[in-house]
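K.L.:
One structure coming up, written as C-alpha cells, with questions to follow.
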Amino acid sequence: RKEVEQDPGPFNVPEGATVAFNCTYSNSASQSFFWYRQDCRKEPKLLMSVYSSGNEDGRFTAQLNRASQYISLLIRDSKLSDSATYLCVVNNVGTASKLTFGTGTRLQVTL
Amino acid sequence: GAGVSQSPRYKVAKRGQDVALRCDPISGHVSLFWYQQALGQGPEFLTYFQNEAQLDKSGLPSDRFFAERPEGSVSTLKIQRTQQEDSAVYLCASSLGHTKNSNQPQHFGDGTRLSIL
C-alpha cells in the first residue's frame, strides 16, 4: 500500500462546477500537508499548505482530518485553467523535510 | 534566473552509459532535494542535501545512483550503467529551510527527462 493514496481520476467537470479531491495517508506521524499542482510536462508547484483548522485561498479550500488521516481539496467555480494534476503531499517527522507524494488526481475542466 | 534551473532538459542515452544531471538551486537555499518521477506517478524522493552535506540518501534505488553538492550550491545526480527502468523525469527542488523547519516550501525545477534506449 502506498503511503499517500489518491484517486487518479480523471475527473472531467464542466466550467463553473465544484469538484472535490480526497487523499488518505498511512503514517500517523505525518506533520505537514500540502497540495501541489502539476501541469503536463511541467514541474510541481505548491498550491497550498493544509492545516487542521482548514484553510481557504480564493476558490480553493483545503481540509485536514488527523483522526481519519484524510486530506481534501475543494475547487469552486472551476476554470479551464484549473485543468492539471493535483498532488497530495505529506512530510513526516524525522525525515528531514522530504516530501512524500501521492500519484496525483487529474482534473480536466471542459466548456 | 530566479528559479531552480536543471540541465539538460532532455537526455537520451543507451543502456549501459553513464549520465550526469545538473541542478542549480535558488541562490541562498540551504536545502536541496532530488526526486524521480515515473510516468503517471507522483515524484519519489531520492536524496537530500543541507548545504554540502548529504543527510539522507535513503531513496536512491541502487548504488548506480550517486549525488553530490561539493560547494553547497550546484548539485549533480549521476547514474552509472543506466538501465531502461531509470527512464523518468528527475526533479530537483530547493528550499530555504533547515532540517527542523519542515514547512519551508520546496521550489522545483523543470526537471530532466531521461530516456534510456
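Chains as they are written, first to last, in this note's numbering: chain U, 1 to 111; chain G, 1001 to 1117. C-beta: ideal position from N, C-alpha, C; glycine also.
#1: Give me the DSSP bridge partner(s) of residue 4 (chain U).
#2: Taking its Cβ as the centre, do 16 or more other Cβ atoms sit within 10 Å of residue 104 (chain U), making it buried, or is it exposed?
#3: Should residue 40 (chain U) go down as buried or exposed, given a rule of 16 or more other Cβ atoms within 10 Å for buried?
#4: Would DSSP call residue 81 (chain U) helix, strand or coil?
#5: Take residue 1067 (chain G) as the anchor and find which of G:1091, G:1039, G:1105 and G:1106 has the nearest alpha-carbon.
#6: Count the other CB atoms within 10 Å of the CB of residue 99 (chain U); is the residue buried (16 or more) or exposed (fewer)?
#7: Tell me whether residue 1085 (chain G) sits in a helix, a strand or coil according to DSSP, three-state version.
#8: So the beta strand (DSSP E) residue 1022 (chain G) belongs to, where does it begin and stop?
#9: How about residue 1095 (chain G) and residue 1083 (chain G): do their beta carbons lie closer than 7 Å?
#10: Using the C-alpha atoms, what's the distance from residue 79 (chain U) back to residue 1010 (chain G)?
#11: Three or more C-beta pairs under 8 Å: does that hold for the region 59 to 72 of chain U against the region 1058 to 1073 of chain G?
P.N.:
Quick look at the numbers:
#1: Counted from its first residue, the first sequence places residue 4 (chain U) at position 4. According to DSSP, residue 4 (chain U) bridges with U:25.
#2: Within the first sequence, numbered from 1, the residue matching residue 104 (chain U) stands at position 104. By the neighbour-count rule (16 or more Cβ atoms within 10 Å), residue 104 (chain U) is buried.
#3: Reading the first sequence from its first residue, position 40 is the one you call residue 40 (chain U). The residue is exposed, with fewer than 16 neighbouring Cβ atoms inside 10 Å.
#4: Position 81 of the first sequence, counted from the first residue, corresponds to residue 81 (chain U). Helix.
#5: Indexing the second sequence from 1 puts residue 1067 (chain G) at position 67. Of G:1091, G:1039, G:1105 and G:1106, the residue nearest in Cα terms is G:1091.
#6: Looking up residue 99 (chain U) in the first sequence gives position 99. Result: buried.
#7: Reading the second sequence from its first residue, position 85 is the one you call residue 1085 (chain G). Reduced to three states, the DSSP call for residue 1085 (chain G) is helix.
#8: Locating residue 1022 (chain G) in the second sequence gives position 22, where the first residue counts as 1. From DSSP, the beta strand (DSSP E) with residue 1022 (chain G) extends over 1019 to 1024.
#9: Mapped onto the second sequence, residue 1095 (chain G) falls at position 95. Mapped onto the second sequence, residue 1083 (chain G) falls at position 83. It is not a contact, given that the beta carbons lie outside the stated cut-off.
#10: Within the second sequence, the letter at position 10 stands for residue 1010 (chain G). Within the first sequence, the letter at position 79 stands for residue 79 (chain U). Distance between the alpha carbons of residue 1010 (chain G) and residue 79 (chain U): 31 Å.
#11: no
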